[in-house]
Amino acid sequence: MVNAAAHLSDARAAAALDELCRIYWPPLYSYLRRRGHAADEAQDLTQGFFARLLERRDFRAADPARGRFRGFLLTSLKRYAINEHERATTVRRGGRHVRLPLDFEEAERAYALDGRHEDSPDRIFDRKWAGIAIDRALQRLRHECDEAGKGRVTERLLPFLTDTGDLPAYRDVAADLGLTEGAVKVAVHRLRQRFGATLRLEIGETVVAQDDIDNEMRELIRAVSS
Amino acid sequence: MLMCIRHPGAARHRGHCAACLLEEALAPTPPLAQPDGTITIHVPLGRTVSSSVFLVRGDGPVVRLLRLKTWHAAAPEDFTERFERLQRQLSEWHHEAIPVPLAASVDAAGRPSVLSEFHQGVPIVDRVEAGGLAPAEAEACLTRLLAATHDGHERGLVHGSIVSGNIIVAARCTLAYLLDFGHAALVAPEGADAPTASDDYAGFDRLIRAVRTPASAGPHPSVTSCGFS
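Respectively, the protein sequence lines represent chains A and B.
Residue numbers for the first sequence follow the working numbering, so the first one is 1396 and each next one is one higher.
Residue numbers for the second sequence follow the working numbering, so the first one is 12 and each next one is one higher.
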């Protein structure tokens, strides 16, 4: 998707950039809130930033060496927020610009629910970003499994994606599903593999070079790990 | 909600450790790649006449717990080639109960080491003797691992050291791990008899007899994680 936004010159580029913004805007809002902006101010800045981005197609000016939409967005937002602060006379709340239908109430709720407010704004941004990527991968996985007629089994096995230590016994799950214990273990193993591939695809949508996926993943792991 | 043992400070996401979820999407570690950064030895997990096992912390981009096995004797000349072959075979096999080694090295004195993921657990016989696992469950578990080992044999792999310390069972989970698959052949001196499939079957036979008639049902063993031969 990032490649489309960066390289295509027609309406597809606009659509790709628009979709990326609609997916990955909440981390920017959380970043601004953590920076100390009041909710209404953070909303204005988020709207204004995206309006400007979509209008100018600024992504083409991104440093190709960085190659990651996440880094580009945050850097651009920081610059934008500084400029806005200096000018203090911006056409806010969209003004003549396009306004994206962003659900700020939900974003504010999510921000308030995050109990780790000792984190830096940059860390919060990265963690929210990782959460969105994970959620989208889970959605894709559920959709795939539903399409394959495995929705019920998948819902039962999704808690096993990671070993949280408080999981039900495989044999109990197997009995519920009418499968053997071995079959459940194999299904969990495959589900994990499929989830990994799906998440990889999702992250791949936000980097220019596919070689960059692992680096992006490691940065996100670092962001959520401490 | 329990803390993730591999990422103790990690954020939770939808009930999962977010770092574990992201790690699922990382590409497999390339052959012989060392983990980024350094490793710090936390505690020794065990020692025999031939090897020692340590719990170590990897201080790369992702802080995580790893298991380091070092041998006391010098490595055979072709240790690196053997390791690369073993790592490739285990990666292709990709069995959930058999960890793939992450990296290997030889120190200045010529002694080899292998770094693997750390899996917490107790040797299967100890768990049965402590009353934490029913003999029938343990036997079923060993039978599954025996079938896996048979698959390994068909792939040209031999475990070479089927002992209780190499079969660990997590505290709550029923999943058991068969550690150090193929390590015996990694360090076998050139010209020495390589371990055979019969050695593996004999090892399972001993273990199945041991869990059928556990020595005692005493207190929980003090060992919380082991797995070395």
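Ideal placement from N, C-alpha and C gives every residue a C-beta, glycine not left out.
Every value quoted in this text rests on a predicted model; they were computed, and no experiment measured them.
Check: Chain A contact for Gly26 (chain B) (CB, 8 Å cutoff); Outcome: yes
Check: Anticipated Cβ contact below 8 Å, Ala1437 (chain A) with Asp1521 (chain A), distance rounded; Outcome: Ala1437 (chain A) to Asp1521 (chain A), Cβ: 17 Å. No contact.
Check: Glu92 (chain B) versus B:Ala205, B:Val198, B:Phe215, residue with shortest Cα-Cα distance; Outcome: B:Val198
Check: Spatial neighbours of Ile173 (chain B) in its chain, beta-carbon cut-off 6 Å, leaving aside the 5 residues before and after; Outcome: Asp211, Gly214, Phe215
Check: Where His1584 (chain A) meets chain B, residues with beta-carbon distance less than 7 Å; Outcome: Glu107
Check: Per-residue burial, Gln1588 (chain A) [other beta carbons within 10 Å of its own, 16 or more giving buried]; Outcome: exposed
Check: Members of the region 1547-1573 of chain A that neighbour chain B once the beta carbon cut-off is set at 9 Å; Outcome: Leu1553, Pro1554, Leu1556, Thr1557, Asp1558, Thr1559, Gly1560, Asp1561, Leu1562, Ala1564, Tyr1565, Arg1566
Check: Val60 (chain B) - DSSP class collapsed to helix/strand/coil; Outcome: coil
Check: DSSP-derived helix/strand/coil call for Pro55 (chain B); Outcome: strand
Check: Same chain, Cβ closer than 8 Å to Thr1484 (chain A), five either side skipped, listed in chain order; Outcome: Annotation note: pLDDT 48 at Thr1484 (chain A) (below 50); position unreliable, no value reported.
Check: Inter-residue CB distance, Ala1362 (chain A) and Thr1575 (chain A) (contact presumed, cutoff 8 Å); Outcome: What is shown of chain A runs 1396 to 1621, which leaves residue 1362 (chain A) out entirely.
Check: Nonlocal neighbours in the same chain, by C-beta distance under 7 Å from Leu190 (chain B), ignoring five residues either side; Outcome: Pro110, Asn177, Ile179, Gly238
Check: Residue of A:Tyr1475, A:Lys1523, A:Leu1412, A:Arg1463 minimising C-alpha distance to Arg1429 (chain A); Outcome: A:Lys1523
Check: Helix, strand or coil at Val117 (chain B) according to DSSP, with G and I counted as helix; Outcome: strand
Check: Where the beta strand (DSSP E) through Val123 (chain B) begins and ends; Outcome: Before going on, a small fix: residue 123 (chain B) reads as Pro here, not Val. Its beta strand (DSSP E) spans residues 123-128.
Check: Segment limits, beta strand (DSSP E) that includes Ala187 (chain B); Outcome: 187-189
Check: Proximal residues to Glu107 (chain B) (C-beta, below 8 Å), its chain only, five neighbours per side dropped; Outcome: Leu186
Check: Distance, Arg68 (chain B) Cα to Ile50 (chain B) Cα; Outcome: 5 Å
Check: Chain B contact residues for Gly1466 (chain A), given Cβ-Cβ distances below 8 Å; Outcome: Within chain B, no residue comes near Gly1466 (chain A); the closest Cβ sits about 16 Å away, beyond 8 Å.
Check: Contact with chain B by Leu1615 (chain A), beta-carbon distance below 8 Å; Outcome: yes
Check: Beta-carbon proximity list for His24 (chain B), same chain, < 8 Å, skipping 5 on both sides; Outcome: Leu32
Check: Any 3 or more C-beta pairs closer than 8 Å across the region 193-207 of chain B and the region 82-101 of chain B; Outcome: yes
Check: Asp1558 (chain A) burial status per 10 Å Cβ neighbour count (16 or more: buried); Outcome: buried
Check: Thr265 (chain B) burial status per 10 Å Cβ neighbour count (16 or more: buried); Outcome: Shown here, chain B extends from 12 to 240; a query on residue 265 (chain B) therefore has no answer.
Check: Interface partners of Arg58 (chain B) on chain A, CB under 7 Å; Outcome: Correct list: empty, because the minimum Cβ distance to chain A is about 28 Å.
Check: Arg217 (chain B) at chain A interface by Cβ criterion, 8 Å; Outcome: no
Check: Cβ pair Glu1597 (chain A), Arg1537 (chain A) closer than 8 Å; Outcome: no
Check: Short CB-CB distance (under 8 Å) between Ser1425 (chain A) and chain B; Outcome: no
Check: Residue burial classification, His161 (chain B) (beta-carbon count within 10 angstroms, cutoff 16); Outcome: exposed
Check: Classification of Pro1563 (chain A) by the beta-carbon crowding that lies within 10 angstroms, buried from 16 upward; Outcome: exposed
Check: Given 8 Å, three or more beta-carbon pairs between the region 1498-1507 of chain A and the region 1408-1425 of chain A; Outcome: yes
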